[in-house]
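Residues 335 to 619 in the numbering used here are what the sequence shown spells out, letter by letter.
C-beta: ideal position from N, C-alpha, C; glycine also.
To start, the structure under review is shown below, and the notes come after it.
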Amino acid sequence: MNWTLPWTAHLGLRGPDAPLFRHSARSVDPLDQIDFIADLGFAGVQDNYAALRPADEQTRVATHAARRGLRMASFVHDPLGWNLPRWSAVEADGRAALKAELGHSLDTARRIGGRTVICVAGFDPARDRAAQLAAMADNLRMAGDDAAAAGVMLCVEMTSPRWLPDMLVERFDDAIAVVRTANHPAVRLMFDAGHVAMNGDDPLAAFTRAADLIGAVQLADMPMGDGPGRIDVGGGTIDWTPLLQAIRVSGYAGLYEIEYEAEGDGLAGETQLTDRLRKVDAALA
Numbered sequence: 335m336n337w338t339l340p341w342t343a344h345l346g347l348r349g350p351d352a353p354l355f356r357h358s359a360r361s362v363d364p365l366d367q368i369d370f371i372a373d374l375g376f377a378g379v380q381d382n383y384a385a386l387r388p389a390d391e392q393t394r395v396a397t398h399a400a401r402r403g404l405r406m407a408s409f410v411h412d413p414l415g416w417n418l419p420r421w422s423a424v425e426a427d428g429r430a431a432l433k434a435e436l437g438h439s440l441d442t443a444r445r446i447g448g449r450t451v452i453c454v455a456g457f458d459p460a461r462d463r464a465a466q467l468a469a470m471a472d473n474l475r476m477a478g479d480d481a482a483a484a485g486v487m488l489c490v491e492m493t494s495p496r497w498l499p500d501m502l503v504e505r506f507d508d509a510i511a512v513v514r515t516a517n518h519p520a521v522r523l524m525f526d527a528g529h530v531a532m533n534g535d536d537p538l539a540a541f542t543r544a545a546d547l548i549g550a551v552q553l554a555d556m557p558m559g560d561g562p563g564r565i566d567v568g569g570g571t572i573d574w575t576p577l578l579q580a581i582r583v584s585g586y587a588g589l590y591e592i593e594y595e596a597e598g599d600g601l602a603g604e605t606q607l608t609d610r611l612r613k614v615d616a617a618l619a
């Protein structure tokens, strides 16, 4: 079907073997998932764990996605150490290790044709948070030239402590400050509406405040009540029409990544997910 927005689906959030449409597609194999995503009419595919795949598998996945007309969306930098305080390193050895790992991510991006690398960092309780945020900005600035040469954006993602405890960038304003302090065109902001809402903030107001910094967009809804879960877009409390309209008119030209698991179980849950998304999308036509 035709969609108003260029949506993406993922090949696994908590691991590379649990893709979004594991009940709907022919199998969990990435190529079968890509076929199903393309048949839905989506515009892209998000492979969070691309950097963990062997080089030949990265090429196989990306080649099939391109053959089916899908763009490669974001993937996670350093998927084995994403929750460690590596981006805030200040010592020479730590920065050298960070540079080496970044090189692997940029090689992955070149191989798959991806342009967006998600950057998150764990919190070191032995160090001051403000100092760690400043160090992260410094390291991103230093990494910016290499990213730009590879045609890649390093996108800083704020994560709610209700969902992921012990992370460095827990507030959207901190993510904004890191990107502004880094002050490099290859360092941008990942706007994740679900994490923003989970912190009790208004996603529309947050996006408007940082529209000039946004490099990528991820979406998940907030459930009713006190649950911290990330649920189907259109199944929770976020008012999607004004938010998505604001993103569209801001000049953002990237993909809209749905980053959650189906709220319902099995095939019925995945069907419900796409039905809800169609309703949200149709309201923008």
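Per the coordinates, the alpha-carbon of D560 lies some 20 angstroms from the alpha-carbon of E593. Within a 10 Å sphere around the beta-carbon of D462 sit fewer than 16 other beta-carbons, which makes this residue exposed.
Burial is judged here by how many other beta carbons sit within 10 angstroms of a residue's own beta carbon; L601 has fewer than 16 and is exposed.
A check of alpha carbon separations from G349 across Q380, G375 and A359 identifies Q380 as the nearest. The alpha-carbon of K613 is positioned some 8 angstroms away from that of G568.
Per DSSP, the continuous alpha helix (DSSP H) segment holding I371 begins and ends at P364 to L374.
Its Cα nearest to that of F370, the residue M335 stands out among A434, H438 and M335. The bridge partners DSSP lists for I565 are D555. Of the residues V513, W341 and A539, the one whose Cα lies closest to the Cα of G549 is V513. The criterion of a C-beta distance shorter than 8 angstroms is not satisfied by T397 and L618. Beyond the five residues adjoining it in sequence on each side, R405 comes within less than 7 angstroms, by CB distance, of A377, G378 and L589 in the same chain, given in chain order. A527 and A554 do touch by the CB rule: their CB atoms are close to 7 angstroms apart, below 8 angstroms. For the pair of segments examined, the segment 523-537 was found to touch the segment 493-502: the number of CB pairs separated by less than 8 angstroms reaches three. The C-beta distance from Q552 to E591 rounds to 5 angstroms, short enough to fall under 8 angstroms. With a 10 Å radius around the Cβ and a threshold of 16 neighbouring Cβ atoms, T575 comes out exposed. Cβ-Cβ distances below 8 angstroms link N473 to W421, S422, A423, R429 and L432 in the same chain, with the five nearest sequence neighbours on each side left out; the list follows chain order. Here I548 carries a strand assignment [DSSP, helix/strand/coil]. Annotated as proximal: L418 and G456, with beta-carbon spacing under 8 angstroms.
The C-alpha of P537 is placed about 16 angstroms away from the C-alpha of M558. A539 and D573 have their alpha carbons spaced roughly 12 angstroms apart.
Judged by DSSP secondary structure, L488 falls within the beta strand (DSSP E) whose first and last residues are M487 to E491. Here the C-alpha atom of Q606 lies approximately 14 angstroms from the C-alpha atom of A343.
For Q392 and D363, the gap between their C-alpha atoms comes out near 13 angstroms. Membership of H344 in the beta strand (DSSP E) is indicated by the continuous run W341 to H344. Rounded to the nearest whole angstrom, the C-alpha separation of E435 and D412 is 7 angstroms. Within the DSSP secondary-structure output, R405 pairs in a beta bridge with G378. Within the DSSP bridge table, the entry for F525 names V551 as partners. Non-local C-beta neighbours of A511 in its own chain, meaning closer than 8 angstroms and more than five positions away in sequence, comprise L467 and A471, ordered along the chain.
Where E591 is concerned, the enclosing beta strand (DSSP E) starts and stops at Y590 to I592.
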